[in-house]
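Q:
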Amino acid sequence: MPTLADVAALAGVSKATASRALGRPDLAAPETVARVRAAAEQLGFVPNRAATQLARGKTGVVAVVVPTLDNTFFNPIIGGAQARAAASGVQLTIAVHSLEHPAQLAAVEHLAHQVDGFLFTAPRGSDEIVRAAASYKPTVLIDREIDGMTSAVADTATAFGALVTWFTGKGHERVVYIGGPAGSWQDRQRQAAIRAAAEPSGATLTMLGPCPSTFAAGVEAAGAVVAARATAVVPYATSIGLGLMFALLNRGVRDVVVSSERMVVESLGLHDVPSIDVDGERLGEVAMDQLMDLLGERREPAPVRRRLTVPIESAPD
Numbered sequence: 001m002p003t004l005a006d007v008a009a010l011a012g013v014s015k016a017t018a019s020r021a022l023g024r025p026d027l028a029a030p031e032t033v034a035r036v037r038a039a040a041e042q043l044g045f046v047p048n049r050a051a052t053q054l055a056r057g058k059t060g061v062v063a064v065v066v067p068t069l070d071n072t073f074f075n076p077i078i079g080g081a082q083a084r085a086a087a088s089g090v091q092l093t094i095a096v097h098s099l100e101h102p103a104q105l106a107a108v109e110h111l112a113h114q115v116d117g118f119l120f121t122a123p124r125g126s127d128e129i130v131r132a133a134a135s136y137k138p139t140v141l142i143d144r145e146i147d148g149m150t151s152a153v154a155d156t157a158t159a160f161g162a163l164v165t166w167f168t169g170k171g172h173e174r175v176v177y178i179g180g181p182a183g184s185w186q187d188r189q190r191q192a193a194i195r196a197a198a199e200p201s202g203a204t205l206t207m208l209g210p211c212p213s214t215f216a217a218g219v220e221a222a223g224a225v226v227a228a229r230a231t232a233v234v235p236y237a238t239s240i241g242l243g244l245m246f247a248l249l250n251r252g253v254r255d256v257v258v259s260s261e262r263m264v265v266e267s268l269g270l271h272d273v274p275s276i277d278v279d280g281e282r283l284g285e286v287a288m289d290q291l292m293d294l295l296g297e298r299r300e301p302a303p304v305r306r307r308l309t310v311p312i313e314s315a316p317d
C-alpha cells in the first residue's frame, strides 16, 4: 500500500509539503498541489481522513445528544443527521444526556474534547444549563429555541393548534390535551397554541399532564379523559395516543377521536381522524447542515433559526 512518503518521493517534494498539499492545499503553491495530487493518483494513495482532520485541529466527529433512547421520535432525527454527516465526511456519535442537571455538564465537557460540534435535543433542561453545555463547542439545537443559539425546529405548535381548530370545526365541544414531560419546551409552545385555537370556538378544553412520552402514560390518562366527557383528544406524543386508544377500547369507549401521526392513522385504517406528519429525518438533515456551516466559519456566525412546517391531514369521513 503506497504511503505519503512514496507520494512525496514521486512528486519530488518533502513529506511535510506533500501532506500540506493534500490536507491544506490553500497553504501550498498551486503547481505543487497539482504535482502531489497527480503522484497520489498515480500511486493510488488514499489519505487517512482521521489523520488529516487531526492535523487541522479537528476530530472529524460530531455528537448528537438526546435525553433518552426510549422515545422513538429521536430515531429519524438521528438517521437524517447521520446521513448528512456521512456526506460531509464526518462521523456521528450518539450520547444520552437530558441536560436537566448541572452535574451533567462535566460529561458534556469531557465529550467536547472528542468532537468538533454538537447537536442537542434538550427539551427539558433550563436555558442556562443548555447554554453552558453549548459553550464547549459549536452547537445547534434541535426542536427547541433559545435566544442567541442556532436551531432547527419542527413547528408542531402551529400544527397542534390546527388539530384543535379541526376538531372544533367538526363540532367537538369537549377537547382534551394530554401534555408532555415536565419542563418540555415544545409542550409549552403546544399548550399556548392549543389554548389560542380553542378559545374562539367556545369549546371546553381540558389540559392534562405533565406526562412522560410513553404508552403507559396514555393508558393512565384514560380515566381522566372519560371523566372530562371528551369527544376529541390531542396527545403530546404518538406513544401516549396509542396507550390511550388501547385503554379506551378496553373500557368499551369508542366515541372518542384521538389525533395521531399519519403513519398510525393510515396503518390502523382510522376514519375522520386528523393526523400530523413530523419529518424527523429532514429535521436532522437541516440541523446537521447548520452545524456544518458553523464548523466551516472562520468567524463567529450570527445565530440562525429554522422552522420546518408540519402539515395536518384528515382521513376521509
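Numbers 1 to 317, taken from UniProt numbering, label the letters of the sequence shown in order. From the three backbone atoms N, C-alpha and C, an ideal C-beta is built for every residue, glycine too.
1. So with Cβ pairs under 8 angstroms, would you call residue 26 a contact of chain D?
2. Looking only at its chain, what residues have a beta carbon closer than 8 angstroms to the beta carbon of residue 90, apart from the 5 residues adjacent to it on each side?
3. Specify the secondary structure class of residue 91 as computed by DSSP and reduced to three states.
4. How big is the Cα-Cα spacing for residue 164 and residue 104?
5. Distance check for residue 250 and residue 154, CA to CA, integer angstroms please.
6. What's the C-alpha gap between residue 359 and residue 22?
7. Take every Cβ of the region 275 to 288, pair it with every Cβ of the region 301 to 312, and state whether three or more of those distances are shorter than 8 angstroms.
8. Buried or exposed for residue 69, please, with buried defined as at least 16 other CB atoms from any protein chain shown within 10 angstroms of its CB.
9. Hey, quick one: how far does the beta strand (DSSP E) through residue 151 stretch, first residue to last?
10. For residue 207, report the span of its beta strand (DSSP E) as first-last.
11. Hey, quick one: how far does the alpha helix (DSSP H) through residue 218 stretch, first residue to last?
12. Restricting to runs no shorter than 4 residues, where is the alpha helix (DSSP H) found entirely within the region 166 to 209?
13. Could you compute how far the alpha carbon of residue 339 sits from the alpha carbon of residue 210?
14. Taking the alpha carbon of residue 106 as the reference point, which residue from 132, 120, 128 has its own alpha carbon closest?
15. Go to residue 134, then tell me how far its alpha helix (DSSP H) extends in each direction, as first and last residue.
16. Taking only the alpha-carbon atoms, compute the straight-line gap between residue 259 and residue 194 and give it to the nearest angstrom.
17. Just the Cα atoms here: how many angstroms apart are residue 66 and residue 120?
18. Where does residue 68 sit, in a helix, a strand or coil, going by DSSP?
19. My understanding is that residue 228 touches residue 206, with C-beta atoms under 8 angstroms, so please give their C-beta distance in whole angstroms.
20. Going by CA-CA distance only, name the one from 152, 175, 36, 214 that's closest to residue 11.
21. Give the single residue among 13, 312, 95 whose Cα lies nearest to the Cα of residue 262.
22. From the DSSP output, in three-state form, read off residue 59 for me.
23. With a 10 Å radius around its C-beta and 16 neighbouring C-beta atoms as the bar for buried, classify residue 148 as buried or exposed.
24. Taking the beta carbon of residue 191 as the centre, do at least 16 other beta carbons fall within 10 Å, making it buried, or is it exposed?
25. Below 7 angstroms CB to CB, which residues in the same chain sit around residue 125 once its five sequence neighbours on both sides are set aside?
26. Distance, Cα to Cα, residue 175 vs residue 234?
27. Would you give the residue range spanned by the beta strand (DSSP E) that residue 246 belongs to?
28. If you reduce the DSSP assignment to three classes, tell me which class residue 102 lands in.
29. Do residue 7 and residue 18 have their C-beta atoms within less than 8 angstroms of each other?
A: Taking the structure as given:
1. Here chain D cannot be found, since the structure has a single protein chain.
2. For this step, residue 90 is matched to residue 90 along the sequence shown. These residues qualify, in order along the chain: 60, 61, 62, 116, 292.
3. Walking along the sequence shown from the start, residue 91 turns up at place 91. Residue 91: strand per DSSP, three-state reduction.
4. Stepping through the sequence shown from its first residue, residue 164 is reached at position 164. Stepping through the sequence shown from its first residue, residue 104 is reached at position 104. When rounded, the distance between both Cα atoms is 38 angstroms.
5. In the sequence shown, the residue the question calls residue 154 occupies position 154. In the sequence shown, the residue the question calls residue 250 occupies position 250. C-alpha separation (whole angstroms): 34 angstroms.
6. Nothing in the structure corresponds to residue 359, since the chain is present only between 1 and 317.
7. Taking a cut-off of 8 angstroms on C-beta distances, the region 275 to 288 touches the region 301 to 312, as three or more cross pairs fall below it.
8. Locating residue 69 in the sequence shown gives position 69, where the first residue counts as 1. Under this definition residue 69 is an exposed residue.
9. By one-based count along the sequence shown, residue 151 stands at place 151. Per DSSP, residue 151 is one residue of the beta strand (DSSP E) stretching across 151 to 155.
10. Within the sequence shown, the letter at position 207 stands for residue 207. Where residue 207 is concerned, the enclosing beta strand (DSSP E) stretches over 204 to 208.
11. Taking the sequence shown and counting its residues from 1, one reaches residue 218 at position 218. Per DSSP, residue 218 is one residue of the alpha helix (DSSP H) stretching across 215 to 227.
12. 185 to 198
13. This structure leaves residue 339 out entirely; the chain is present only between 1 and 317.
14. Here residue 106 refers to the residue found at position 106 of the sequence shown. Comparing Cα-Cα distances from residue 106 to each of 132, 120, 128, the minimum goes to 132.
15. Taking the first residue of the sequence shown as 1, we reach residue 134 at position 134. Looking at the DSSP string, the run of the alpha helix (DSSP H) that includes residue 134 is 127 to 134.
16. As a working note, residue 259 is residue 259 in the sequence shown. As a working note, residue 194 is residue 194 in the sequence shown. Looking at the two C-alpha atoms, the distance is approximately 13 angstroms.
17. Working through the sequence shown from its first residue, we reach residue 66 at position 66. Working through the sequence shown from its first residue, we reach residue 120 at position 120. Straight-line Cα distance between these residues: approximately 7 angstroms.
18. Start at 1 with the first residue of the sequence shown, and residue 68 comes out as number 68. Of the three classes helix, strand and coil, the one that applies to residue 68 here is coil, per DSSP.
19. In the sequence shown, the residue the question calls residue 228 occupies position 228. In the sequence shown, the residue the question calls residue 206 occupies position 206. So it is a contact: roughly 4 angstroms between Cβ atoms.
20. Counted from its first residue, the sequence shown places residue 11 at position 11. When only C-alpha atoms are compared, the closest one is 36.
21. Numbered from 1 along the sequence shown, position 262 holds the residue referred to as residue 262. It is 312 whose Cα lies nearest to the Cα of residue 262.
22. Indexing the sequence shown from 1 puts residue 59 at position 59. In the structure shown, residue 59 sits in coil (DSSP, three-state: anything other than H, G, I, E or B).
23. Sequence index remark: in the sequence shown, residue 148 carries index 148 (1-based). By the 10 Å Cβ count, residue 148 comes out exposed.
24. Counted from its first residue, the sequence shown places residue 191 at position 191. That one is buried.
25. Taking the first residue of the sequence shown as 1, we reach residue 125 at position 125. Correct list, in chain order: 98, 99, 100.
26. Working through the sequence shown from its first residue, we reach residue 175 at position 175. Working through the sequence shown from its first residue, we reach residue 234 at position 234. Cα to Cα, residue 175 sits roughly 8 angstroms from residue 234.
27. Locating residue 246 in the sequence shown gives position 246, counting from the first residue. Per DSSP, residue 246 belongs to no beta strand (DSSP E); it is in the alpha helix (DSSP H), 238 to 250.
28. Indexing the sequence shown from 1 puts residue 102 at position 102. Looking at residue 102 - three-state DSSP - the assignment turns out to be helix.
29. If you number the sequence shown from 1, residue 7 lands on position 7. If you number the sequence shown from 1, residue 18 lands on position 18. Yes, Cβ-Cβ distance for residue 7 and residue 18 is below 8 angstroms.
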